[in-house]
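Contents: one structure, followed by commentary.
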Ligand SMILES: [Fe+2]
Ligand SMILES: [Fe+2]
């Protein structure tokens with residue numbers, strides 16, 4: 011079972027960022043799948059860490075890419091990344107206390123994929139097409 015499968019609607023038109031988004035999606039799906047399978051807390055903790063680490067890497071790579079194409083809304087995009095990381099951190103803190111990944115956590119991940127990638131990242135994808 012997966013949280014969400016890759017589809018054309020997630021394609022932002024920048025190959026390097028698409029491949030990182032695919033990795034992000036794969037880690038999210040792994041977390042969803044292992045949680046559904048009632049995996050041990052230690053294992054879930056490991057996948058959460060993997061997701062957090064990859065997210066930091068992806069946001070850094072994406073911000074560097076936006077700088078390289080002189081994307082005008084880079085500062086705004088950085089703030090949105092910061093706030094996503096803070097929300098992610100607070101969900102991880104909840105998990106650390108309870109040992110349970112709540113439904114709201116997976117709703118947050120879905121929002122991240124739909125609102126951020128399909129909404130916010132898509133904007134620099136459009137920009138990149140015309141500013142190469
Ligand atoms: Fe982004
Ligand atoms: Fe992204």
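Numbering (our numbering), first residue to last: 11 to 142.
Cβ coordinates follow ideal geometry from the N, Cα and C atoms, glycine included.
Per the Cβ contact rule, the segment 100 to 110 is not in contact with the segment 73 to 86 (fewer than 3 Cβ pairs under 8 Å).
Shown here for residue 43: same chain residues with a beta carbon closer than 6 Å to its own, the five before and five after excluded, namely 11 in chain order. Counting along the chain, residue 26 sits inside the alpha helix (DSSP H) bounded by residues 25 to 46. Straight through space, the alpha carbons of residue 80 and residue 69 are spaced by roughly 16 Å. Annotation for residue 141: 79 place their beta carbon closer than 6 Å to its own, counting only its chain and skipping 5 residues before and after.
Taking the Cα positions, residue 24 is about 13 Å away from residue 18. In the three-state scheme derived from DSSP, where H, G and I count as helix and E and B as strand, residue 111 is classed as coil. Checking the 7 Å criterion, the Cβ of residue 101 is out of range of every heavy atom belonging to ligand 2. The beta carbons of residue 58 and residue 41 sit about 7 Å from each other, so the pair counts as a contact at 8 Å.
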